[in-house]
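In terms of our numbering, the sequence shown opens at residue 7 and continues consecutively.
The beta carbon of each residue, even a glycine, is placed where N, CA and C say it ideally should be.
Owing to the predicted nature of the structure, the values given are computational and were not obtained by experimental measurement.
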Amino acid sequence: CNKLFKKLTGKEMRSFKDLNVAYKPEDGKKRFPGVVVSIRELVNLPIVVKDFETGIKTEQGEDRCIVAIEVNGEAKKFFTNSEEMKNILAQVKEMPDGFPFETTIKTETFGKGRTKYVFT
């Protein structure tokens, strides 16, 4: 195919990877690699937070946040609606070289037996 193209056109056929193009979603939101995990599965595990995206619509509601993480070198992601986590991630984003960072997610009980998840 490549040789025929060159014979017919006199040009070398370019490889896709040399074109340097990537998918750009219409909604402008980032897409992260890895499987979606429950934040409950991440409690007390060392993780690396790589990036995040806000304003994501899910079955649980509008304006969710998806967080791209790495666990033992494996790409994963989780959704959160925690205002505290979203605020902290926004602050880290403003810092030069804020991402990636290491953390461990812990649980804190509040109110009438409710649980929240926090970075430590």
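Kindly list the residues whose CB is nearer than 6 Å to the CB of residue i, restricted to its own chain and excluding five residues on each side of it in sequence; keep chain order.
i	result
Val42	Lys83
Phe11	Met19
Lys35	Glu59
Arg70	Ile62, Thr64, Phe85 and Asn87
In its own chain, which residues sit with a C-beta less than 7 Å from the C-beta of residue i, not counting the 5 before and 5 after it?
i	result
Pro31	Arg37
Gly104	Val98
Phe116	Lys122
Hey, residue i and residue j are a contact pair by Cβ (cut 8 Å); roughly how many whole angstroms apart?
i	j	result
Glu59	Ile75	Their Cβ separation, rounded to whole angstroms, is 13 Å, which puts Glu59 and Ile75 out of contact at 8 Å.
Glu114	Val98	Contact doesn't hold; Cβ gap of about 20 Å is too wide.
Ala81	Pro39	5 Å
Thr110	Leu14	Thr110 to Leu14, Cβ: 60 Å. No contact.
Buried or exposed: where does residue i fall if 16 or more other Cβ atoms within 10 Å of its Cβ makes it buried?
i	result
Met130	Here the chain covers residues 7 to 126 and nothing more, so residue 130 does not appear.
Leu25	exposed
Met101	exposed
Val27	exposed
Leu48	buried
When you compare each of the options to residue i by their alpha carbons, which one comes out closest?
i	options	result
Lys63	Lys56, Asn87, Gly79 and Arg46	Asn87
Lys112	Ile53, Ala96, Pro39 and Asp69	Ile53
Thr92	Val55, Arg120 and Gly79	The question names Thr, but residue 92 in the sequence shown is Lys. Taking only the C-alpha atoms, the option nearest Lys92 is Val55.
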